[in-house]
Structures are given as C-alpha cells and as structure tokens.
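Engineer: Here's a structure for you.
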Amino acid sequence: MGRYSEFTDIELVYLLKDNDYIAYTEIYNRYSGVLYSHAYNKLRNREEAKDILQELFTSIWNNRLVLEFNTSFSGYLYTAIRNRILNHFAKKKNEEKYMVSIQETIKHTQSITDHLIRQKQLAAIIESEIDALPPKMREIFLMSRKLNLSHREIGEKLGIAESTVKKQINNALRVLRARLGLFSFLIFLIKL
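No gaps in the numbering here: position 85 of the sequence shown is 1270 in the working numbering, and each next residue is one more.
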C-alpha cells in the first residue's frame, strides 16, 4: 500500500475505475480527514458530519465506473461534500416544516374532535331532558320545535286551543331552562 501513496489523484481515480479497492482506500485516507473537518465546521454535529462523509465515499465507490470531474479531484470532492451539506440543511428545513404542519394538524383535529364530542354530549343531555317532560307537553313541544308547526296547526291536529298550545310550549321552555341552565338552554334554542 506504500506505493499507492505516491500516486497522483488522477492515477488513483483510473485505478478506482478498474475496481481497485486499495486505490479507493488511499483516496479515503488522503481526503476523509479534511472533508470531515469541512463538514463538521458547517454542521457542528459530529454524527451528521460522519454520515455525510460516509454517503460521499459510498457514492464514489458505487459510481466509480462513471466518475467524471472537470476540475481537480480534490475540487470535485469539496464540491460534492458542500452539495451534500446544502442538501442536508434543505432536508432538515423541510422536516421542521413538516413537523410543524403535523403538530398544527393534530391540534386542529383534537380541537374539532373535542368540540364534536361535547356537542354530542350536550345534544344527548337536551334530548333526555325533553324526554323527561310530561307526555302531552313533550308532544306539543316536539311538534313545535322539530316539525316547525305553528301554535294554530298544533291546536288543530290535537284538537286543543291555540292558547293551550302556547302555554304548554312556554311551560316546556321554562322547565328545560331550569334543568339545563342558561348557557345550555341558549345553545338548545339556537340549534332548534
């Protein structure tokens, strides 16, 4: 291996293209230290610098047969490591955006889900309170609120006076207001 250290970069690249693993090892030994330092100075993270360096040398070995460069081989390596560092920063920025997006989606989904659960619970409470009304009062109230019939139409269907219908609806509202509390009652009126 001693004589490989005497070869120029160009000679090592030609040997590398002929699948010479010792030439590859010499290139690695010659440049890995300075490339690692360069990557570490930009990233300030030892593991990320090692990973980028490993990716670069893996790529060199995998693409050894088609390896082309227009400048010196050292210039090629510095450009390659710089591009990998820039890609790393871009990827990291995209990951951060993605994480923020996921967190916002989770917050929004939880908020909607929580709202829907509370809405269903309130609707169930209101329905149970309506079911607890006396039968005739409940029937008149439901005809008014669910079927949207006027007092006169309810009176005609049930054969009772319009004033009785009005009184039964007012009594039902008073009972529901007392049982549900003001806030729930207002929500109930808005929904119906």
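Backbone N, C-alpha and C define an ideal beta-carbon position, used for all residues, glycine too.
For clarity, every value in this text was computed on a predicted model and none was experimentally measured.
1) Hey, is N1268 close to the ligand ADP, as in C-beta under 6 angstroms from one of its heavy atoms?
2) In chain order, what residues of the same chain lie with their CB nearer than 8 angstroms to the CB of N1279, ignoring the 5 residues before and after it?
3) So, using beta-carbon positions, are I1345 and M1328 closer together than 7 angstroms?
4) Taking the alpha carbon of L1252 as the point to measure from, which residue in I1325, L1238, S1286, I1195 has its own alpha carbon closest?
5) By the three-class DSSP mapping on this structure, what secondary structure does L1318 have?
6) Tell me whether the stretch 1229-1242 and the stretch 1295-1308 touch, counting them as touching only if at least three CB pairs, one residue from each stretch, are closer than 8 angstroms.
7) Which same chain residues, not among the five before or five after F1254, have their C-beta less than 6 angstroms away from its C-beta?
8) Hey, is the stretch 1262-1275 in contact with the stretch 1297-1316, meaning 3+ C-beta pairs nearer than 8 angstroms?
9) Taking the alpha-carbon positions, what's the T1290 to L1301 distance?
10) Name the residue from I1310, Q1288, Y1209 whose alpha carbon lies nearest to the alpha carbon of L1365.
11) Distance check for S1222 and Y1213, CA to CA, integer angstroms please.
12) Determine whether the beta carbon atoms of L1197 and A1208 lie at a separation below 7 angstroms.
Structural biologist: In short:
1) The model depicted lacks the ligand ADP and carries no ligand whatsoever.
2) Nothing meets the Cβ criterion.
3) No Cβ-Cβ contact shorter than 7 angstroms links I1345 with M1328.
4) I1195
5) coil
6) no
7) Y1261
8) no
9) 16 angstroms
10) I1310
11) 14 angstroms
12) In contact: L1197 and A1208 (Cβ atoms closer than 7 angstroms).
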